[in-house]
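Protein sequence lines, in the order shown, are assigned to chains A and B.
The first sequence runs 441 to 738 under this note's numbering.
The second sequence runs 17 to 348 under this note's numbering.
Quick notes on the structure that follows.
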Amino acid sequence: MSVFRRRAQEDFDPTQPLVATGNLGRRHVVSRVIQSIAVAAAVAAVAVLVIVIWAVVSHGAKAITWDFVTSGYPTGVGPYLVGTAEVVAIATLMAMPIGVLIALFLSEYAGRRWTRPVQLVLDVMNGLPSIIIAVFIYILIVAATKQQSGLAAAIALAIIEVPLIARGTQEVLRLVPEAQREAAAALGVARWRGILTIILPAAAGGIVTATLLSVARAAGETAPMLLLNSLAKGDAVQLNPLKEVPNVPVRIFQLSEEANPEGFTEAWGLSLILIAIILALGLGSRALLNRSKRKLTR
Amino acid sequence: MSATPPAGTASLQLARSNRQSPARKRVDRFGDLALFVICAAAALLALLVIVLIAKEVIEGAQPAISRFGLEFITNSEWAPPLEQFGGKGVILGTLITSAMALFIGGPVAISIGIFLALLAPVSVRNVISPLVEMLAAIPSVILGFWGLLILGPVLVNTIEPFLHDTLGFIPLFGAPQTTGNSVFNAGLILTIMVIPIIASVSRDLFMAVPRDLQDGAAALGSTRWEVIRGVVLPTTLSGMTAACLLGLGRALGEAIAVAQVIGGATESHLSLFKPGGTMASLIALQFPSAVSKLHTASLYYLAALLLVIGIASNLLASWVGQRFGGAAGATR
Numbered sequence: 441m442s443v444f445r446r447r448a449q450e451d452f453d454p455t456q457p458l459v460a461t462g463n464l465g466r467r468h469v470v471s472r473v474i475q476s477i478a479v480a481a482a483v484a485a486v487a488v489l490v491i492v493i494w495a496v497v498s499h500g501a502k503a504i505t506w507d508f509v510t511s512g513y514p515t516g517v518g519p520y521l522v523g524t525a526e527v528v529a530i531a532t533l534m535a536m537p538i539g540v541l542i543a544l545f546l547s548e549y550a551g552r553r554w555t556r557p558v559q560l561v562l563d564v565m566n567g568l569p570s571i572i573i574a575v576f577i578y579i580l581i582v583a584a585t586k587q588q589s590g591l592a593a594a595i596a597l598a599i600i601e602v603p604l605i606a607r608g609t610q611e612v613l614r615l616v617p618e619a620q621r622e623a624a625a626a627l628g629v630a631r632w633r634g635i636l637t638i639i640l641p642a643a644a645g646g647i648v649t650a651t652l653l654s655v656a657r658a659a660g661e662t663a664p665m666l667l668l669n670s671l672a673k674g675d676a677v678q679l680n681p682l683k684e685v686p687n688v689p690v691r692i693f694q695l696s697e698e699a700n701p702e703g704f705t706e707a708w709g710l711s712l713i714l715i716a717i718i719l720a721l722g723l724g725s726r727a728l729l730n731r732s733k734r735k736l737t738r
Numbered sequence: 017m018s019a020t021p022p023a024g025t026a027s028l029q030l031a032r033s034n035r036q037s038p039a040r041k042r043v044d045r046f047g048d049l050a051l052f053v054i055c056a057a058a059a060l061l062a063l064l065v066i067v068l069i070a071k072e073v074i075e076g077a078q079p080a081i082s083r084f085g086l087e088f089i090t091n092s093e094w095a096p097p098l099e100q101f102g103g104k105g106v107i108l109g110t111l112i113t114s115a116m117a118l119f120i121g122g123p124v125a126i127s128i129g130i131f132l133a134l135l136a137p138v139s140v141r142n143v144i145s146p147l148v149e150m151l152a153a154i155p156s157v158i159l160g161f162w163g164l165l166i167l168g169p170v171l172v173n174t175i176e177p178f179l180h181d182t183l184g185f186i187p188l189f190g191a192p193q194t195t196g197n198s199v200f201n202a203g204l205i206l207t208i209m210v211i212p213i214i215a216s217v218s219r220d221l222f223m224a225v226p227r228d229l230q231d232g233a234a235a236l237g238s239t240r241w242e243v244i245r246g247v248v249l250p251t252t253l254s255g256m257t258a259a260c261l262l263g264l265g266r267a268l269g270e271a272i273a274v275a276q277v278i279g280g281a282t283e284s285h286l287s288l289f290k291p292g293g294t295m296a297s298l299i300a301l302q303f304p305s306a307v308s309k310l311h312t313a314s315l316y317y318l319a320a321l322l323l324v325i326g327i328a329s330n331l332l333a334s335w336v337g338q339r340f341g342g343a344a345g346a347t348r
């Protein structure tokens, strides 16, 4: 830092009072300018968020009517909404136990030696582009059975959700006081009973939070749906996950590829519903996380 | 234990129920083992999935790899009807869009991190932080749709002509096209996606820099910026590098939003304002309608390249974080 070096070069007399050197004004100006740049960057990010959300709300609100939400193709989007909920629910049912078990392995069993490799696997899994996961499941299931299905998409979404749930759970498990584990052991409780009856319940809030967040992420994932589950027409609700299930992201993508103003309106309406659900899940999970953290760290 | 304490409290009941009978011991021994095995199996399953993904994708790409070899990377002709596949155009497109996202998004995101962690009062931080994270929660398909309908026209009517007129001598800023679907648009959308990721990681990094170090520098007469440049940024350099690599991984792999705004071209060119393609977006656009086995295999080839780059950037991020320590290293 230039300011310290310059002081050292001069004859520095500690008894002298500190006097502003000639460039102090300039240093303050530089500091102010950089601080305003930082503020401007934050303002810009919030502005982009507001602009995007405003566009979705203002265009989407025109499309939304009761009939739009409940009826099927071509006038409404009901089956897409039900289909997305169905696929995401199946994915979450698969991902949640696996994610929680991995987190338990990391916090209770792994020890020094195994934590790093498992953590690394989770990080890599988290960083995998969703299109690659989609291609993988396509080769494994769709190409083998020659049939697109909601289940195939759900498996791909589960692979996306597992690292998110595992990481979130791991963070709350870390907050469970060591004293509780020791107290359980001192009372002669076997380890597995301690984990199932003391540690997991204490972390339940965090697990639910992580799951909600991963649901929010999965609901908007388009690449797996596009490759694995995109052929349904959407004129009726499809509850059988072994068939193609109509879903929201693919519908928005398809409508955006067609140059059709009415289709655009429908896509805006769908976007509004999707974004509202995702943001509600995000806010809800945040509130829940704060509550359960307060409980644990009290 | 002959004098039995009065019953009643939960812990006493628990202790009593835990009296060791042989049957109970057997159950516990089995339970311990079972839970351990299940947990370890889940962790193993995650590893297995990663390995399987690599194996299947590379195996699927085999026909294209044996036909085109490494020339695939340098050949720019992508013509499905002629069975001619070269990935140079989309690889270049991937590099340009990701670089754009990183060079614009990185500094902006780090500035946001500085603002949130060091400059903003707590009340402001508590409002802005969730908003920035909300930006990350917007699904890519909606962001791409917005880029297509709202951002594209704005770019093609105002910003692109301006950049072409002022900086047109650089080949990057070629003549604008008639639609807003361009490499430039895709780069901006990726920038928007990358910013919240890097911003929230760097905010956490900056908040972990010990207060004492900053106060010390301030007491020596540093201005706010000098504290940041002299203390905060150097101690978090490795963490910021890792954060940027994470953002890069996201930008490289984003398929849907890019597919919506980039225009779906495959030829190789440097102009930002022409339609282009990226590896991930080409897979999303052409996979459902692939015309031949070789076409599909070539798309798998792209996926395999993407996978290698993605895993490499992840491992590099983790290695940088480990090797050069996080902000916690400053306290040692």
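Glycine included, C-beta positions come from ideal geometry on N, C-alpha and C.
DSSP-derived helix/strand/coil call for Q100/B: strand
Reference N566/A, options G160/B, M150/B, G265/B, F84/B, closest by Cα: G265/B
Validate contact between the region 539-559 of chain A and the region 55-62 of chain B using beta carbons, cut 8 Å, 3 pairs: yes
Coil, strand or helix - A306/B by DSSP: coil
Delimiting residues of the alpha helix (DSSP H) encompassing A676/A: That residue, A676/A, is in no alpha helix (DSSP H); it is neither H nor E in DSSP.
With 16 other Cβ atoms within 10 Å as the buried cut-off, status of T347/B: Caution applies to T347/B, whose pLDDT of 36 falls short of 50 and renders its modelled position unreliable; the value that the coordinates give is listed next. Answer is exposed; the Cβ neighbour count stays below 16.
Unbroken alpha helix (DSSP H) run spanning H180/B, endpoints: 176-183
Proximity test, Cβ basis, 8 Å: M565/A and chain B: yes
Buried or exposed (CB count within 10 angstroms, at least 16 for buried), L164/B: buried
Three or more C-beta pairs below 8 Å linking the region 131-141 of chain B and the region 468-481 of chain A: yes
A271/B vs S297/B beta-carbon contact at 8 Å: yes
Pairwise C-alpha distance: A333/B and R227/B: 26 Å
Within 8 Å, strictly: CB atoms of L206/B and V148/B: no
Chain B within 8 Å of R734/A, Cβ atoms only: no
C-alpha gap between S284/B and A115/B, whole angstroms: 16 Å
Beta-carbon spacing of T113/B, G190/B below 8 Å: no
Rounded separation between N91/B and V210/B - CA only: 30 Å
CA-to-CA distance, T662/A to T195/B, given in whole angstroms: 24 Å
Secondary structure, alpha helix (DSSP H): runs of 4+ residues fully inside the region 622-652 of chain A: 631-634
Any chain B beta carbon closer than 8 Å to P641/A: no
Simplified DSSP assignment, three categories, for A482/A: helix
Close-in-space but distant-in-sequence residues of the same chain around A596/A (CB under 7 Å, 5 per side omitted): I573, A574, I577, P664, L668
8 Å Cβ cutoff, I605/A in contact with chain B: no
Per-residue DSSP class, three states only, for A550/A: coil
Local conformation of A271/B per DSSP, three classes: coil
Nonlocal neighbours in the same chain, by C-beta distance under 8 Å from T515/A, ignoring five residues either side: D507, F508
Own chain partners of Q302/B with C-beta closer than 8 Å, once the 5 adjacent residues on each side are dropped: P96, H311, L315
Identity of the residue in P689/A, R657/A, A656/A nearest L666/A by Cα: P689/A
A658/A, DSSP secondary structure in three states: helix
Of the residues M150/B, N197/B, L188/B, G160/B, the one placed nearest N173/B, counting alpha carbons only: N197/B
Contact set between the region 270-288 of chain B and chain A, restricted to residues whose Cβ is under 9 Å from the partner: E270, A271, I272, A273, A275, Q276
Exposed unless 16 or more other CB atoms sit within 10 angstroms - verdict on N142/B: exposed
Simplified DSSP assignment, three categories, for A95/B: strand
Interface positions of the region 141-155 of chain B facing chain A (Cβ-Cβ less than 7 Å), listed along the chain: I144, P146, L147, V148, M150, L151, A153, I154, P155
Neighbour flag for E242/B against chain A, beta carbons, 8 Å: yes
CB contact below 8 Å: A619/A versus chain B: no
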